[in-house]
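Residue numbers for the sequence shown follow my numbering, so the first one is 118 and each next one is one higher.
This report concerns only the one structure given below.
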Amino acid sequence: MSNDIKRVLERYRDTYENITVTASESVSKSVLLNGKTVESIDIGSESGMVIRAFRDGRVVSMSADGLNAETVDNFLKNHETVINVMPKDDHIRPFKPEDVDNFIQNDGGFESLTTGRMAEMALEAVETALASDIRVKTVNQSVISAVKESTRIITPFTDDLYSEKTYYSSYTYLVASHKGEQDGAGYSDSCSLNHLEHIRAAEDASIAACALLGGKRLKTGKYGVLFAPNVTADFLSIILELVNADNVYKNISVLGDSLGKNAASEAFTLFDDPHMKGGTGSCNFDDEGLRTGITPIFTEGVLDTFMHNSYTSSALGMRNTAHARAGRGGSMGIGASNLILKASTDKMPYEFMNEYVKVTDVMGMHTADTVSGDFSVGISGLLIKNGRTVHPFREAVLSGNLKDLLKSLVGVFEDHRTFGGITASSALFDKMTVSGE
């Protein structure tokens, strides 16, 4: 089918300055257990494409399900004159994919992984969770999933660019009970089936639930705050919004005027590595076909760059960092590949503070205001004194400002974990307002 699409594009190479078709295909399978019973087995496939055509500072685009050369032909034919009435924008430029090697990260395990084996793995996770602590009463969900996906960028002027990846994940959700109930979840993902830690995900779910049993209300006050790695990952997902050049261009990022400045503490070093071995977001090229490379975002607190695609780099007069991501409707957005937070110390949190709250669960991080930086989120976790747990707590509220939070970072520790495309560690912040009772 890709050859058919390319032949269509070649017929229009004199009509448009450039045309790109980003074609994607995926096959997936998953098994869900409720307790020790198989609740569902899902096997599916899907395909789609994003078509973009350029001429004289104008672009027309669309997304479509399936890979069909006739759809491409009809779109290009119908927009030959329509493109002339589109608004002209000098920052819309007809990029051409670079000469980059194809990217293959396929461990070969997808085809040999049967749904029967996936059910066995899900059951292993259930049995691990139930055996880990007598207080774990039910495992509501144990899921094993596998995906094989490919992307091909087709143009009439260059050779195709092709990437292919496999991806596996495990999720466990359970309830522990002792003088009350508490749920907990654990997650693991990997591009290699042999490295999928489904047992650890079950253990993490058990630890998360049991640690919060008997949770008390915190007294309102100022506390040092330690984010667990999963919470740090949630926090970094918001920081990604602040360094997204599209948001900077639209004046909806509180860090828009901070480029080259000390926008965070010296303990904060953050970079994106699209060539990370085994990374779920790894690739040699972005969705505009441009060569990717390691991008320092923060270095010891200094904001080095925003993440760009071709449009924002032109609009803001900055270097294109090759972070283009094709979106629905044919729009070209911006996204990270493998975001990594670098450890700043080999010490332990209690060596910095005698008392702090360790946040193991956060609710509402996505509600943070990216324009003002203000946030107010629900938190649960543990009150720590002298390195020991005093008691778990629930239903507290952490409030502050993202710029202040970045500045108040005390240390990033070495207990790194990877959650999808984000590698994060525990992160300790100076005293912040926590509202309890």
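Here a beta-carbon is modelled for each residue, glycine too, at the ideal position from N, C-alpha and C.
Query	Result
When we look at the beta-carbon of G161 and count the other beta-carbons within 10 Å, is it buried (16 or more) or exposed?	exposed
How many angstroms separate the CA atom of M480 from the CA atom of T422?	29 Å
If P214 and E134 are in contact, beta carbons under 8 Å, what's the gap, nearest whole angstrom?	Wrong, their Cβ atoms sit about 14 Å apart, outside the cutoff.
Where does V365 fall in DSSP's three states?	helix
My assumption, with CB atoms under 8 Å, is that E417 sits in contact with E468. Please give the rounded CB distance.	In fact, because the Cβ distance is near 20 Å, the residues do not count as touching under 8 Å.
Measure the C-alpha to C-alpha separation of K333 and G553 and round it to an integer number of angstroms.	10 Å
Would you kindly check if the distance between the Cβ of L126 and the Cβ of V138 is under 9 Å?	yes
Exposed or buried, which one is V365 when buried takes at least 16 other CB atoms within 10 Å?	buried
Could you name the residues of the same chain whose beta carbon sits closer than 8 Å to that of V474, not counting the 5 residues immediately before and after it, in chain order?	L335, Y340, G341, V342, L343, I496, G498, L499, L500, I501, F510, A513 and V551
DSSP three-state label for H315, please.	helix
Would you tell me roughly how many angstroms separate the C-alpha atoms of G517 and G373, rounded to the nearest one?	19 Å
What's the call for N401, buried or exposed, on a 16-neighbour Cβ count within 10 Å?	buried
For the segment 482–493 against the segment 444–454, are there 3 or more C-beta pairs whose distance is under 8 Å?	no
In chain order, what are the residue ranges of uninterrupted alpha helix (DSSP H) at least 4 long that sit wholly in the segment 418–488?	427–433
Does DSSP classify P204 as helix, strand or coil?	coil
Quick one: what does DSSP say T188 is sitting in, helix, strand or coil?	helix
Would you mind reading off the limits of the beta strand (DSSP E) that contains F220?	F220 to Q222
Should S280 and S305 be called a contact, given that it needs their Cβ atoms to be closer than 9 Å?	no
To the nearest angstrom, report how far apart A318 and A302 are at their CA atoms.	8 Å
For E197, which residues from the same chain have a beta carbon less than 7 Å from its beta carbon, with the 5 sequence-adjacent residues on both sides left out?	T132
With DSSP collapsed to three states, give me the class of I160.	strand
Can you round the beta-carbon distance between V419 and G447 to whole angstroms, since I take them to be within the 8 Å contact cut?	Contact flag wrong, Cβ pair sits at about 36 Å.
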